[in-house]
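Working notes, structure below.
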Amino acid sequence: MLDIAIVGAGSVGLLLAAYLSEKHTVTLYTKTAEQATLINQKGVTNLTIKKTVFPRAEIIDRLIPHEYIIVAVKSYHIQSLMPTLANVSTCFIFIQNGMSHVKEVEFGLKQSSNWFGIVTHGAKKYAPTAVAHTGVGEIKLAPSTNNLPTEAGIKRLKSLFRPLNIHIEHDCKAMLHKKLLVNAVINPLTAHYNIKNGQLLSAVYEDEVRDLCKRVSKLLDLDYDEAYRDLITIITKTKENESSMLQDIKNQRRTEIDAILGYLLTLENDYRMRFHYEFIKKREEALM
Ligand SMILES: NC(=O)C1=CN([C@@H]2O[C@H](COP(=O)(O)OP(=O)(O)OC[C@H]3O[C@@H](n4cnc5c(N)ncnc54)[C@H](OP(=O)(O)O)[C@@H]3O)[C@@H](O)[C@H]2O)C=CC1
Ligand SMILES: CC(C)(CO)C(=O)C(=O)O
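Residue 127 in the numbering used here sits at position 86 of the sequence shown, with consecutive numbering throughout.
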């Protein structure tokens, strides 16, 4: 039994708490005292398997060291969270979409062993204490460049995430870049045209999908044919999904466009990427 903390009790944080609490001691750190109180009273319910578990919940100001701290907030929450995280030296796991958090973490949490991850499970929070597992996917984790994990450490991580289809990767940058390309194409286009992921397979959008895929793969030094093939596979697998960016726009929430196209624009000021970036920023500003 491991001592795990999860920071952020949103969709992914609640989903992880729902599965990991079955075998481990889990503490969920919430932004508000209200949500912590509700979780301590009612537990966390996984609506998909109709099961309630009882992790401990605390407000984030009370963060203390744990064996693992999984950070499950949005990419744009990371910056303001850094001073709190920097107070505890531990093994951190970051699962954000995009890349903007990577430098912040590698610079700000030098004393800790950090892992970056990508999550392809679908999670949707329906209430402060309830979450649905909307799509079975996997979790890939890779050590940050300054983290040299031992075989025993890797084995422990694998056992921790076993219920969620864990894969350990060794090239963190390659892993994050591949997911970045997927998010850089699917998310802005689906949010722009207000369509489900699968509609990108229609001939109407083919030129735009190929064009963005070409630009991003060139910028990230990825093989275009392979990247396009992987992209089409993910679009097909998630064809019924609304991308997280489309959901954010529909729910009048801030999107992760800065961590995705915004990050890529810091590498090269590509005019088509800027067009898509600005379109989403304008939608975001109009909504908030
Ligand atoms: N949902 C999904 O299916 C998937 C999500 N991801 C990625 O996972 C990450 C998290 O996504 P998701 O769970 O959907 O996002 P949510 O917005 O549902 O959850 C984020 C949570 O973090 C909380 N939070 C914000 N700041 C703090 C803080 N300082 N201390 C404690 N908690 C805080 C928010 O609280 P409040 O709401 O009160 O602001 C919210 O509950 C994103 O990067 C996303 O791209 C990846 C794959 C799938
Ligand atoms: C893979 C994809 C595009 C699935 O919807 C996703 O990660 C997201 O919506 O953020």
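The C-beta atom is built at its ideal place from N, Cα and C for all residues, glycine as well.
GLY176 has GLY163 as its beta-bridge partners, per DSSP.
Rounded to whole angstroms, TYR265 and LYS255 show a C-alpha spacing of 6 Å. Rounded to the nearest angstrom, the Cβ distance from ALA300 to TYR117 is 7 Å, consistent with a contact under 8 Å. Within the same chain, ILE273, ILE276, THR277, LYS280 come within 8 Å of LEU242 by CB-CB distance, once the 5 residues on both sides are set aside. Here the C-alpha atom of LYS115 lies approximately 30 Å from the C-alpha atom of GLU192. The shortest CA-to-CA distance from GLY84 to any of ASN238, ALA59, PHE202, PRO106 is the one to ALA59. Bounds of any alpha helix (DSSP H) do not take in HIS107, whose DSSP letter is neither H nor E. Annotation: the stretch 205-257 contains the following complete segments of the alpha helix (DSSP H) (minimum length 4 residues), in chain order: 213-234. A residue is listed when its beta-carbon falls short of 5 Å from at least one non-hydrogen atom of ligand 2; in chain order these are ILE227, THR279, ASN282, SER284, SER285. Scanning its chain for C-beta atoms nearer than 6 Å, with the 5 sequence neighbours on each side dropped, one finds around PRO169 the residues GLN76, LEU79, in chain order. Residue environment analysis places VAL112 among the buried positions, since at least 16 neighbouring C-beta atoms fall within 10 angstroms of its C-beta. Of the heavy atoms belonging to ligand 1, at least one sits nearer than 7 Å to the Cβ of TYR70. Taking a cut-off of 8 Å on C-beta distances, the stretch 235-251 does not touch the stretch 165-181, as fewer than three cross pairs fall below it.
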